[in-house]
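*Asks:* Residue numbers (the working numbering), protein chains in the order written: chain F, 1 to 166; chain H, 1001 to 1105; chain X, 2001 to 2632.
Glycine included, each C-beta is placed from N, C-alpha and C at the ideal position.
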C-alpha cells in the first residue's frame, strides 16, 4: 500500500517539477527545479531497490552536473530579463508536437505484449555487491573505456575553454 | 523487496513516457541553449528510469549497468557541451540559439 | 593446293597490313615488291587450285576456316567454296590484279601517296577475293561492302581535290542504295530457307515451283544490289564520275573486278534466278536498255577516260543481258574477255595521259602513233577485241551473248546489235582521234612525249596477248571448237541447264555472226571516213552544239535530274529535321531536364533554414510520423 502511495507521490512530484523546469522564466529557477526532479527520480530508484544507482545518481547529477550548470548560468549572468522568448505560434506548435509525440508513444506501447521474466525473481540485484559482480566481470572493458572517455571529455573541455593567446 | 512487485510495469512505462515528452517539450519550447541542454538531461533521465524499472522486473542487472554508463557519458557530454556554450557566448555575447543560423543554403 | 585456298586472300591482306602500317618508313622499291609480290603469290596459288580442280571429279569443295557467327541455333561458319566459277574469278582477279599492280609501280612512281595507294590496292584485292570465295551470302556481303569501301578510298585518292571527294562519295552512296536491296534479299533468303549457305539454299530452292513469288522477290532484291554495284540503269552515274581516281584504279576496279561482282553474284545464284522468269526478263531488259543508253552517251564524250567509262557501263549491260536470257556461261565468258581488253584499254589510256603530262581531252591529242608505238599497238588490239573483230576474244564472247539473245527475244538481239554498232563507232573514234592525224596539243606536251617505262608497257603487252587469244577457251561447236569454258563451268550451272540448251541451228548462227561482223565493218568504215579521211574534229568548248548533240553530250542531264529530284529534297528535309527536331525538341528535352532539376532544387533547398529550433521540430515530427506508421 505504502509503496503505491509513495509511487504516486513521487511521480506527481517528478512531473510537476519537470514542468516547472520547462516553464519557469528565470534560468536559475529552472536549474533548481531540475535538481529537485533528480531527487524524485532518485527516490524512484530507491523504491525499485536500486540503491547503488540512487546514490550515484544524486552524487553525479545533482552534485556535479547541476552544479556545473549553475556555474555556467552565473558566469553568463542570465536572469529573467535577458531570457529570449519564442513567438506564441511557435510555442503552440511546440506544444502540439510534443503532445502528438506523447499520444503516439502511448499508442505504440499500448498494444505491446508483456514480456515474461525468464530469470527467477531476485529483488537484490540492485545491491552494490551484485551490481559490482556484473560490472567487473561482464562489463569490464566498457568500464575501462569509460574512464578514457572521461579523460577525453576533460581534455576537450579544457581545450575549448581556453582563451586564445592574444 | 522492490516496488516492482506491487506497482505494475506499465505505470513506470507511462511515467517515463511523460517525463520524456516533457523533455521534448522543453527542447522545442525554449530558446535559451542552457535550458535546452537541461531538457535533454531530463530526457536521458526518463530513459534511465525505464531501464532501471525493466532491470528490476526482469531481475537482470545488465539494465542497471547500462544506466551506470549512461550517467558517465552524460557527465562527459555536459562538460564538453557547456564548454562549447561558453565559446559561443564569448563570440556572440548571447546564449540564444537563433543566432546560430549560418549553416544554411 | 585446294586446301591452301586461305592463302589466296591472306597474302594480299598481309601485304595491306605491312604497307599500311609501315609504308611511310619503307622505300618505294620495297613497297612495290611487297604489294606486287603478295598478289603474285595469290595468283600462283590460284593457278595451282585451277589445275587441281580440272583434274578432280567432284568439282565443288568447301574449306571450313573457323566458326564465325554462333548465336543460339544459328551457326554460320567462315568457309570458302572452291568450284569452277570461283576458281575462274580467282584467276581473273589475281592475274589482272598483279598486272595492274605492276603497272602502278610505274604510273604512281611520282606520287607522294605511293605506299598508301598500294595498301588500298592490296586491301581491295583481299575483299574482292573474299567476295568470290565465300561459301555463303554473308561472306559475299562482307566482301561486297569491303570493295565498296576500297572503291571510295581509291576514287578519292587525291583527296585534296573536293570534286574527287564528291565523286568518291557519290560512288559510295549509290553503292549503298544497291546494298540495301542486297541486304534485304539476304534477309529474305534467310527467312525463306533458314540458311545463307549456297549449298543449302540451292538444294532447298529446287523444291520451289518456277515463278514462286518469294523467289521473284528475292531475286529482284538481289538484282537491285547488282544494279548498284555493277552500274546499270538507274544507278550508273557513279561510274563515269569515278574516273576521278588514278587510272590503274579505273582499270582494276571499274573495269575488271568490282563491277563484275554483280555478275558473279547472279551467276552464283543461277538456280534462284532460273526459277524466277519474271526477274530474268527484267534483268534482260535493264541490261539491254543500259547498253544502248550508255553507248549513245559514249558517242559524244571527249575525255578519254569518260568514253571508256561509258563503254564499261555498256559492256556490263551486255553481261546482264546475257544473264537475263539464261546465257550464264556467256556472261562469265564476257566478264573474262572484258576484263582483258577493258583493263588493257584503261592502262593504255593511262599510258597516254602519263605521256601527255596529264592531258585527258582527246581534242588536244592526235598523231601519238609515232611517239607511243607500244601503247598504240596494244590499244589497237584492245579496240579490235572490244568491237568484236573476228578471231579476237571479244568476238566469241559477244557473239555467244547475241546468239542467246536472238533465241530468247528478237528485240533484245536488235538492241545488242545496235549497241555493237555504236561501240565500234565510238571506240574507233577514240582510237583515231588519239593516235592518228596531226598532233593538236601544246608545245610543252610535245616536248615531254615519251613511251612509258617497262613496268608499264609489259602489262600492256601481256593484256594485249590475252585479249587476242583469250577467246580460244570459248570457241563454240559451230566453228569447230569444244567450248572448253562451257564444259568447265557446267557443274556450276547444271541446275539451270534446262535454259542453256542451244536451240539454234548452225545456219542461223552463221547468219547472226555474219550480221554482227557486217554491222561492225560498216561502223568502222564510217568512223574511218569521218575521222581519218575527212579529219573532222569534235566540237570545241566554245562552239554551240545542236540540241540533240548537246543533250547527249551532257549525258541526258541525268545527274541534274537526280540532284533536283532526290538530293535537294533530302537535304531540305534533313535541314528541317535538324532545325526543328534536333535543335528544339531533343535539345529542349535534355536541357529541360536540367532546368527542371535546377528549379526543383532551388525550391527544396529552402528547407535548410539554419534555425536549430526548426531542425529539432522537424526531427520530432518525423519521429511521430515514423512511430505512427509503424503502429498502423
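Per the DSSP calculation, residue 2076/X is bridged to which residue(s)?
*Replies:* Position 76 of the third chain, counted from the first residue, corresponds to residue 2076/X. DSSP, once it has assigned bridges, lists 2069/X as partnering residue 2076/X.
*Asks:* Can you pull the chain H neighbours of residue 44/F, defined as C-beta to C-beta under 7 Å?
*Replies:* Your numbering for residue 44/F matches position 44 in the first chain. Residues of chain H passing the Cβ test: 1049.
*Asks:* In or out: residue 2220/X buried (at least 16 other Cβ within 10 Å) or exposed?
*Replies:* To locate residue 2220/X, count along the third chain from 1; it is residue 220. Counting Cβ neighbours within 10 Å, residue 2220/X comes out buried, since at least 16 surround it.
*Asks:* Going by other Cβ atoms of all chains shown within 10 Å of its Cβ, with 16 needed for buried, is residue 82/F buried or exposed?
*Replies:* Reading the first chain from its first residue, position 82 is the one you call residue 82/F. Exposed, by the Cβ-count rule.
*Asks:* How about residue 1027/H: is its C-beta nearer than 7 Å to some C-beta of chain X?
*Replies:* If you number the second chain from 1, residue 1027/H lands on position 27. Output row for residue 1027/H: interface = yes.
*Asks:* From residue 1034/H to residue 1011/H, what does the alpha carbon distance come to, in whole angstroms?
*Replies:* Looking up residue 1034/H in the second chain gives position 34. Looking up residue 1011/H in the second chain gives position 11. Their backbone Cα atoms lie some 30 Å apart in a straight line.
*Asks:* Under 7 Å, CB to CB, which of the residues in the segment 1086-1104 of chain H have a partner in chain X?
*Replies:* Listed by position along the chain: 1097, 1098, 1100, 1101, 1102, 1103, 1104.
*Asks:* Do the segment 71-80 of chain F and the segment 50-63 of chain F touch if we need at least three Cβ pairs shorter than 8 Å?
*Replies:* Cβ pair count under 8 Å is below three, so no.
*Asks:* Using CA coordinates, which residue listed in 2308/X, 2284/X, 2317/X, 2282/X is at the minimum distance from residue 2293/X?
*Replies:* Taking the third chain and counting its residues from 1, the one referred to as residue 2293/X is at position 293. Of the listed residues, the one whose Cα sits closest to residue 2293/X is 2317/X.
*Asks:* Under 7 Å between C-beta atoms, does residue 2608/X make it to chain H?
*Replies:* Reading the third chain from its first residue, position 608 is the one you call residue 2608/X. So, interface residue.
*Asks:* List the residues of chain F that residue 2627/X touches, going by C-beta distances under 9 Å, in chain order.
*Replies:* To locate residue 2627/X, count along the third chain from 1; it is residue 627. In chain order: 101, 104, 105, 107, 108.
*Asks:* Report the CB separation of residue 2352/X from residue 2368/X in whole angstroms; it is logged as a contact under 8 Å.
*Replies:* By one-based count along the third chain, residue 2352/X stands at place 352. By one-based count along the third chain, residue 2368/X stands at place 368. So it is a contact: roughly 6 Å between Cβ atoms.
*Asks:* Should residue 2330/X be counted as a contact of the ligand GDP given a C-beta to heavy atom distance under 6 Å?
*Replies:* Here there are no bound small molecules, and the ligand GDP is not part of this structure.
*Asks:* How long is the line joining the alpha carbons of residue 2207/X and residue 2201/X, rounded to whole angstroms?
*Replies:* For the purposes of this step, residue 2207/X is taken as residue 207 along the third chain, with counting starting at 1. For the purposes of this step, residue 2201/X is taken as residue 201 along the third chain, with counting starting at 1. Each residue's Cα considered, the two are about 11 Å apart.
*Asks:* Could you have a look at residue 2063/X and say whether DSSP puts it in helix, strand or coil?
*Replies:* For the purposes of this step, residue 2063/X is identified with residue 63 of the third chain, where counting begins at 1. Of the three classes helix, strand and coil, the one that applies to residue 2063/X here is strand, per DSSP.
*Asks:* So, is residue 163/F buried or exposed, given that buried needs 16 or more other C-beta atoms within 10 angstroms?
*Replies:* Stepping through the first chain from its first residue, residue 163/F is reached at position 163. Result: exposed.
*Asks:* Using a C-beta cutoff of 7 Å, does residue 1018/H count as contacting chain X?
*Replies:* On the second chain, residue 1018/H is found 18 positions in, with the first residue counted as 1. With 7 Å as the cut-off, residue 1018/H does not count as an interface residue toward chain X.
*Asks:* Along the chain, where does the alpha helix (DSSP H) containing residue 2315/X start, and where does it finish?
*Replies:* In the third chain, residue 2315/X corresponds to position 315, counting from 1. Run containing residue 2315/X: 2304-2324, per the alpha helix (DSSP H) assignment.
*Asks:* For the segment 58-87 of chain F, list every residue whose C-beta sits within 9 Å of some C-beta in chain H, in sequence order.
*Replies:* Listed in sequence order: 60, 61, 64, 65, 66, 68, 69, 71, 72, 73, 75, 76, 78, 82, 83, 84, 85, 86.
*Asks:* Taking 7 Å as the threshold (C-beta atoms), are residue 6/F and residue 40/F in contact?
*Replies:* Within the first chain, residue 40/F is the residue found at index 40, counting from 1. Within the first chain, residue 6/F is the residue found at index 6, counting from 1. Contact: no.
*Asks:* Closest to residue 2443/X by C-alpha separation, out of 2430/X, 2365/X, 2431/X, would be which residue?
*Replies:* Residue mapping note: residue 2443/X aligns to position 443 of the third chain, counting from 1. Ranking 2430/X, 2365/X, 2431/X by Cα distance to residue 2443/X puts 2365/X first.
*Asks:* Got a sec: is the Cβ-Cβ distance from residue 1043/H to anything in chain F below 7 Å?
*Replies:* Numbered from its first residue, the second chain carries residue 1043/H at position 43. Answer no: the Cβ-Cβ gap between residue 1043/H and chain F never drops below 7 Å.
*Asks:* Residue 1080/H touches chain F at which residues, Cβ-Cβ below 8 Å?
*Replies:* Here residue 1080/H is taken as the residue at index 80 of the second chain, counted from 1. Chain F residues near residue 1080/H: 153, 156, 157, 160.
*Asks:* Would residue 2621/X count as contacting chain B if we go by Cβ distances under 7 Å?
*Replies:* Judged by its chain identifiers, the structure shown contains no chain B, and its protein chains are F, H and X.
*Asks:* With DSSP as the reference, label residue 2269/X as helix, strand or coil.
*Replies:* Translated into positions along the third chain, residue 2269/X becomes position 269. Looking at residue 2269/X - three-state DSSP - the assignment turns out to be coil, as it is neither helix nor strand.
*Asks:* Taking only beta-carbon positions, decide if residue 1003/H is within less than 7 Å of chain F.
*Replies:* Taking the second chain and counting its residues from 1, one reaches residue 1003/H at position 3. By this cut-off, residue 1003/H is an interface position.
*Asks:* Take residue 1043/H as the anchor and find which of 1054/H, 1068/H, 1017/H has the nearest alpha-carbon.
*Replies:* Mapped onto the second chain, residue 1043/H falls at position 43. Nearest C-alpha to residue 1043/H: 1017/H.
*Asks:* For chain X, check one thing: does any of its Cβ atoms lie closer than 7 Å to the Cβ of residue 1040/H?
*Replies:* By one-based count along the second chain, residue 1040/H stands at place 40. So, not an interface residue.
*Asks:* Flag this pair as yes or no: are the beta carbons of residue 2087/X and residue 2040/X separated by less than 7 Å?
*Replies:* Numbered from its first residue, the third chain carries residue 2087/X at position 87. Numbered from its first residue, the third chain carries residue 2040/X at position 40. Contact: no.
*Asks:* Is the separation between the beta-carbon of residue 2126/X and that of residue 2012/X shorter than 7 Å?
*Replies:* In the third chain, residue 2126/X corresponds to position 126, counting from 1. In the third chain, residue 2012/X corresponds to position 12, counting from 1. Contact flag set, yes.
*Asks:* Would residue 2591/X count as contacting chain H if we go by Cβ distances under 7 Å?
*Replies:* On the third chain, residue 2591/X is found 591 positions in, with the first residue counted as 1. Not one chain H Cβ lies under 7 Å of residue 2591/X.
*Asks:* Among 2218/X, 2284/X, 2627/X, 2546/X, which residue has its Cα nearest to the Cα of residue 2323/X?
*Replies:* Here residue 2323/X refers to the residue found at position 323 of the third chain. Cα-wise, what sits closest to residue 2323/X is 2284/X.
*Asks:* Please report the Cβ distance between residue 2390/X and residue 2517/X, rounded to the nearest whole angstrom; I am assuming they are in contact, meaning their Cβ atoms lie under 8 Å.
*Replies:* Working through the third chain from its first residue, we reach residue 2390/X at position 390. Working through the third chain from its first residue, we reach residue 2517/X at position 517. The Cβ separation is near 6 Å, so the contact holds.
*Asks:* Beta-carbon separation of residue 1024/H and residue 2620/X under 7 Å?
*Replies:* Your numbering for residue 1024/H matches position 24 in the second chain. Your numbering for residue 2620/X matches position 620 in the third chain. Result yes, Cβ atoms of residue 1024/H and residue 2620/X sit closer than 7 Å.
*Asks:* Would you mind working out which of 2063/X, 2047/X, 2138/X sits nearest residue 2093/X, comparing C-alpha positions?
*Replies:* By one-based count along the third chain, residue 2093/X stands at place 93. Ranking the options by Cα distance to residue 2093/X, first place goes to 2047/X.
*Asks:* Kindly indicate which three-state DSSP category residue 2082/X falls into: helix, strand or coil?
*Replies:* Within the third chain, numbered from 1, the residue matching residue 2082/X stands at position 82. Note: residue 2082/X maps to strand in three-state DSSP.
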